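To start, the structure under review is shown below, and the notes come after it.
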Amino acid sequence: MKINVNGKSHTIKVSANPTLLEVLREQLELTGTKYGCGEAACGACKVMLDGTPVPACITPAVSAQGKEITTIEGLEKDGKLHPVQEAFLEEDVFQCAYCASGMIVSAVALLERNANPSRDQIIEAMNGNICRCCTYPQIMEAIDKAKSRKA
Amino acid sequence: MKKQLDENPIFPEQYELFEKKLAGGPITRRSFFKRMGAGIASYIVVSDLLAGPFAESFSEGEDEDTIAAWIHVNEAGKITCYTGKVEVGQNIRTSLAQVVAEELFVQVEDIHFIMGDTLLTPYDRGTFGSLTTPQMAPKLRKAAASVRELLIATAAKEWNIGSTSLQMEQGIVFHPTNGEKLSYAQLANGKKLAQRVNKEVHVVPVEEWKIAGTSVPKVNGKSYITGRHVYVSDLVLPDMQYGKVLRPPYLNAKLKTLDTSEAEKVKGVKVVQEGDFVGVTAPDSTTAKMALAMISAEWERKQQPSRKQLFSHLKENANNQPDKKPNVEEAFAKGAKKVTSSFHVDYIAHSPLEPRAGVAEWNKGELNVWTGTQRPFGVQEELEREFGIAKEKIRVRMPDTGSGYGGKHTGEAGVEAAKLARAIGKPVKVNWTREEEFMWAYCRPAGLIEVRGAVDNNGKLVAWEMFNYNSGGAGLESPYDVPAKHQQFISSDTPLRQGSYRALASTANVFAIESVMNDLALEQGKDPMKFRMEHLSDERLKRVLKETASKFGWEEEKRPNRGFGLACGFVKGGYVATCAEVHVDPDTKELKVLRLVTGFECGAIINPRHLKSQVLGCVLQGLGGALFEAIDFDNGQILNPAFSSYRVPRFKDIPETEVLLVNRPDLPPAGAGEAPIIGVAPAIRNAIQDVTGERINSLPLVPSGKIMT
Ligand code: FES
Ligand code: FES
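Going down the list, the sequences are from chains A and B.
The C-terminal position of the first sequence is numbered 1366 in our numbering, with every residue numbered one higher than the one before it.
The C-terminal position of the second sequence is numbered 700 in our numbering, with every residue numbered one higher than the one before it.
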């Protein structure tokens, strides 16, 4: 089977019915997408399917066929960081940063849907993402920064 | 177990450290000179680093001869620091580099850190207890300054002049008059010069800091936000297999019957059994997971206490009786106003976002393990015991890891990966699932705390008595002045595996102390802030409390249905005060924490931004244990081993936060990863009481989100 990840087509094995997360991490060596819970409860594995953020841990790889999959590795274009990554870097957000990929992908998806979300809308959109180091306030600042740049 | 606890009376709740005896694998001075190679270096020995009661209990051999860290300039001018400390998100890779860069007159990017690698770095007993910043940072600062002295002396010798007039900048030493210069590379070339840190060395005064003391961003920050940083769970070795371990459905179960025949039929799958240890490996984790599910096993379930009986169990199984002190009894009896309370503190889980992970590879009898642990040398010892091979044949590495909070002091996943790898003759990776992390890692201890306090007719605290069953001794000592007092930690039998957690038992003990102090104030109709100030003589704590309360607006008018609460205390050199504002809906009784103001006095600040982040992270993580986190268990079964059933703080839970950093350049820096957590629960508890009158004496305070009456 073929899937489309970060603008490239890949042939993958699906005989054991792997999740999209397992395929990305083990078959395509895109380990930026993380495992945190396996039950759509933490957001560490968020990727975009045609622009919508989904937890890759509960998404069967076969269901991603024909869709454009974007992972954290796909946000950088021609060696240039995505503006949201740029904002997270400048705000020096993270501690252990294990949540970083999921946070950034979710934030990118949010700002693509809504360039100027309110504070409540940001919280609503990000609530599925856990940062156990609790860098939540810094993440909010980074999203605010990215949003004001966009606006 | 008990004996070892007594040997280390300071933090008995670091239970995981006593599960097995620790021993050191020191790099001695002799072996250090052999391995150093050419260049110029300064090193620190263990006794430079540790004063106090820890050193002996954790390292074997002569302190004088055991290297604890070193800084080395090689012939290419590259500056490398070696320390057994590890990075788990506290950003010490950055703050330690700042301190070193400052003394060596170079940029942070010029400093390389080799951390937590048992082959390359000196023995370290572990990254915990907020000790890295207060102990390692000042010593590395001196070691770096000592390297600077050596460089200068070398240049002076080269030019045959006195060293006092030499200047240095960006890795170059300048001749005072003739315009000549020598780079660090030139100076280190052909040298083999290593000296023990000069304790009297001149360090750059804090007031003149240009790099230290500023918010330098996280080292390697870009690799994290692009997904490129390789955590252990991401690591792949050639021909590596994915391993899974068969777990019983209950704690303390014994394997009765096992049938692995179906799993063995799956292509590429290998089943490994060694006694009760059963695991599978496969070329990918999907297959490994499937094969594991095909194993059928029966287990013998042991009757064991459930959460319902937890607190009576802890008391009934206490290893000691509470000592009643006659002077306290007498003072209490004479008290005018008294409070007697008992506090229940549940088990909580660290649940670091990266669950335990380990990769292992055997190579001609030598073992390489990569694992996310706060104690790589401790894991080396675990492996030594497990496989009976010499430490020299075991190398443990710890790439910067997905956090720990005191929860990763052990090496389970690394040991499991090594077992599987040995059995199948290929490298193996074991990544724990979230459920495994909840069930098989250790928890923060639960505790029962009994407190009595009394004041006389003049509002003076006259008697204080406190017994802590099981949760631990840290923070047990009340900071308040009282003529008759007694406090005691009493160990007990724990139904769940337990161990260190941020700030150890201080969270539980300060919760109890600050609740009773509050209740005593209210019994007399006194302002809780004033009552505390009257009984504090520690000027540092008083200052933090006062400044925090004034920043919060303690005296200000409250809006309807809102309450204010405060708490203070100190842990390991960090002084902290927390003020909370809450709202309780008069109809639904729903609680909302609106605002948390945390004051933290922590000595000299190395990186203000990262310090603030640590403080905030600590406070907000503490919100979980304060409000709703609790491990629920029934007869050996963990009932909520998932993020969908074990609630942790999320964006929606985050109140308005403020952090007040009290900078004290005259004092050594304190670690910020622990102290700020202690005031959160009692401040919120006292704020709830302020608005509803309810005295909630259990943690978590409001598991349902509502105030129950
Ligand atoms: S791993 Fe997918 S949401 Fe947690
Ligand atoms: S920074 Fe550690 S989980 Fe977010």
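All C-beta atoms in this analysis are idealised placements derived from N, C-alpha and C, irrespective of residue type, glycine included.
Computed from a predicted model, the values in this text were never measured in an experiment.
Using a CB distance below 7 Å, the part of the segment 625 to 647 of chain B facing chain A consists of Ala633, Phe634, Ser635, Val639, Pro640, Arg641, Phe642, Lys643 and Ile645, ordered along the chain. With respect to chain B, the C-beta atom of arginine 1328 of chain A has no partner C-beta closer than 9 Å. Taking a C-beta distance under 9 Å as the contact criterion, valine 653 of chain B and phenylalanine 561 of chain B do not qualify as a contact pair.
For the segment 1239 to 1256 of chain A, residues whose beta-carbon sits nearer than 9 Å to a beta-carbon of chain B comprise Arg1240, Glu1241, Gln1242, Glu1244, Leu1245, Thr1246, Gly1247, Thr1248, Lys1249, Tyr1250, Gly1251, Cys1252, Gly1253, Glu1254, Ala1255 and Ala1256. Contact residues of the segment 269 to 303 of chain B toward chain A are Asp275, Ser276, Thr277, Thr278 and Met281 (C-beta to C-beta distance below 8 Å).
Within chain B, Tyr215 and Ile216 have C-beta atoms less than 7 Å from the C-beta of alanine 1315 of chain A, given in sequence order.
For the segment 419 to 451 of chain B, the set of residues with a beta-carbon nearer than 9 Å to any beta-carbon of chain A comprises Asn422, Thr424, Arg425 and Glu426, in chain order. For proline 1268 of chain A, the enclosing beta strand (DSSP E) covers residues 1267 to 1270. Of all residues in the segment 222 to 253 of chain B, only Tyr222, Ser224, Asp225, Leu226, Val227 and Tyr233 place a beta-carbon less than 9 Å from a beta-carbon of chain A. Rounded to whole angstroms, lysine 293 of chain B and lysine 299 of chain B show a C-alpha spacing of 17 Å. Residues of chain A with a Cβ closer than 7 Å to the Cβ of proline 208 of chain B are, in chain order, Asp1307. Annotation for methionine 430 of chain B: the continuous alpha helix (DSSP H) segment containing it runs 425 to 431.
Near chain A, meaning a CB-to-CB distance below 9 Å, the residues of the segment 341 to 356 of chain B are His341, Ser342, Pro343, Leu344, Glu345 and Pro346. Proximity of chain B to glutamate 1291 of chain A at the Cβ level (cut-off 7 Å) is accounted for by Thr217, in chain order. The C-alpha of histidine 103 of chain B is placed about 15 Å away from the C-alpha of glutamate 66 of chain B. In the structure shown, proline 1275 of chain A falls within a strand segment according to DSSP collapsed to helix, strand and coil.
In chain order, Val269, Gly270, Leu283, Ile286 and Ala288 place their CB closer than 7 Å to the CB of leucine 237 of chain B, counting only its own chain and leaving out the 5 sequence neighbours on each side. Under a criterion of Cβ atoms nearer than 8 Å, the residues of chain A adjacent to asparagine 82 of chain B are, in order, Gln1310. At a cut-off of 8 Å, the beta-carbon of leucine 1264 of chain A does not count as near ligand 1: no heavy atom of the ligand is closer than that. Against chain B, the CB of leucine 1235 of chain A has no partner CB under 9 Å away; the residue lies outside that interface. In this structure, glutamate 427 of chain B places its C-beta atom within 9 Å of the C-beta atom of arginine 347 of chain B. At least one heavy atom of ligand 2 lies closer than 8 Å to the C-beta of phenylalanine 1309 of chain A.
Under the DSSP assignment, methionine 1355 of chain A falls in the alpha helix (DSSP H) whose first and last residues are 1351 to 1365.
In chain order, the residues with a C-beta atom nearer than 6 Å to some heavy atom of ligand 1 are A:Tyr1250, A:Gly1251, A:Cys1252, A:Gly1253, A:Ala1255, A:Ala1256, A:Cys1257, A:Gly1258, A:Ala1259, A:Cys1260, A:Pro1270 and A:Cys1272.
Listed in chain order, the non-local C-beta contacts of leucine 1290 of chain A below 8 Å within the same chain comprise Leu1296, His1297, Val1299, Gln1300, Ile1319, Val1320 and Val1323, local neighbours out to five positions each way being set aside. Identification of chain B residues near cysteine 1348 of chain A by a Cβ-Cβ cut-off of 7 Å yields Gly80, Ser394 and Gly608, ordered along the chain. Relative to ligand 2, the beta carbon of cysteine 559 of chain B is positioned no closer than 8 Å to any heavy atom. Here lysine 315 of chain B is exposed. Its C-beta has fewer than 16 other C-beta atoms within 10 Å. The alpha-carbon of proline 694 of chain B is positioned some 10 Å away from that of glycine 615 of chain B. Buried is the label assigned to glycine 398 of chain B, since at least 16 other Cβ atoms lie within 10 Å of its Cβ. Note on threonine 1267 of chain A: under 16 other CB atoms within 10 angstroms of its CB, so exposed under the neighbour-count rule. Ligand 2 has a heavy atom closer than 8 Å to the beta-carbon of methionine 1318 of chain A. Taking C-beta separations shorter than 7 Å and ignoring five residues to either side along the sequence, the partners of alanine 617 of chain B in its chain run Val671, Ala672, Ile675, Leu690, Pro691 and Leu692, following chain order. Under DSSP, the beta-bridge partners assigned to leucine 557 of chain B are B:Cys570. By DSSP's assignment, serine 689 of chain B forms a beta bridge with B:His335.
By the criterion of a C-beta distance shorter than 8 Å, threonine 424 of chain B is surrounded in its chain by Pro346, once the five residues flanking it on both sides are discounted.
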